[in-house]
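What follows is a set of notes on a single structure, which appears directly below.
In the numbering used here, the protein residues as written are -13 to 195.
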């Protein structure tokens, strides 16, 4: 159904439902068993990433139209559109038992939103260049971007509690395993993947295959 590159793919915990977003500005829900796709919604520009809440009740999409859209996955309806960024929104992540949403943008800001009201609760201005990715672990947000740093900060207060870098290239992606307490970084324009212990900030480079 997509009429262009797909930029983001995620699935529910048991892999029964898959969600996709892409360059055609559309979000689809897919049934893995039947292959049937359902149109969920769309933006006015490219969808850069989508994120699913831990309880799978909410889906959030980040777009180059400077907005975030929040959907109810039970009814496949849009709850609200979040306005606040002044440039492309690159990524979003749910936090604090799905009551908060953290977004990062090319406006160099990270915003913390209240899911229930759509209000902006906090602005984080720690990065000196575009912010491209976010990962949530406990009460901390790990954000990365074009400045080559990973900043670790408390999303409820905005306090920076850790800094990793600088790396040789901009950092395009960050993800991790909450159970094993590892985070994973991908360097844009470099054939490298870095693994770091979340608690000890130890870094190990993996050789490309």
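Where a beta carbon is used, it is the ideal one built from N, C-alpha and C, also for glycine.
Here the structure is a predicted model, which is why all the values come from computation and not from measurement.
Classify residue i as helix, strand or coil using the three-state DSSP reduction.
i           : result
residue 116 : coil
residue 158 : strand
residue 23  : strand
residue 199 : Coverage of the chain is limited to positions -13 through 195, which leaves residue 199 absent and any answer about it impossible.
residue 142 : coil
residue 123 : strand
residue 103 : coil
residue 151 : coil
residue 6   : strand
residue -12 : coil
For residue i and residue j, what's the separation of their Cα atoms in angstroms?
i           : j           : result
residue 110 : residue 79  : 15 Å
residue 136 : residue 144 : 15 Å
residue -13 : residue 53  : 23 Å
residue 50  : residue 61  : 25 Å
residue 174 : residue 34  : No answer about residue 174 holds up, because its pLDDT of 46 lies below 50 and its placement is not dependable.
residue 160 : residue 154 : 16 Å
residue 146 : residue 138 : 6 Å
residue 156 : residue 150 : 13 Å
residue 127 : residue -5  : 21 Å
residue 141 : residue 1   : 29 Å
residue 88  : residue 114 : 18 Å
residue 108 : residue 65  : 21 Å
residue 116 : residue 148 : 19 Å
residue 39  : residue 59  : 10 Å
residue 37  : residue 15  : 13 Å
Beta strand (DSSP E) containing residue i: first to last residue?
i           : result
residue 131 : 126 to 131
residue -8  : -8 to -3
residue 100 : 96 to 100
Taking 7 Å as the cut-off, does the CB of residue i come closer than this to any heavy atom belonging to the ligand SAH?
i          : result
residue 50 : No copy of the ligand SAH appears in this structure; indeed no ligand is present at all.
ask   = Is the segment 90 to 104 close to the segment 63 to 75, with three or more CB pairs under 8 Å?
value = yes
key: alpha helix (DSSP H) runs contained entirely in the segment 8 to 83, provided each spans 4 or more residues   = none
task = Decide yes or no for the touch test of the segment 116 to 135 against the segment 101 to 108: beta carbon pairs closer than 8 Å, at least 3 of them.
result = no
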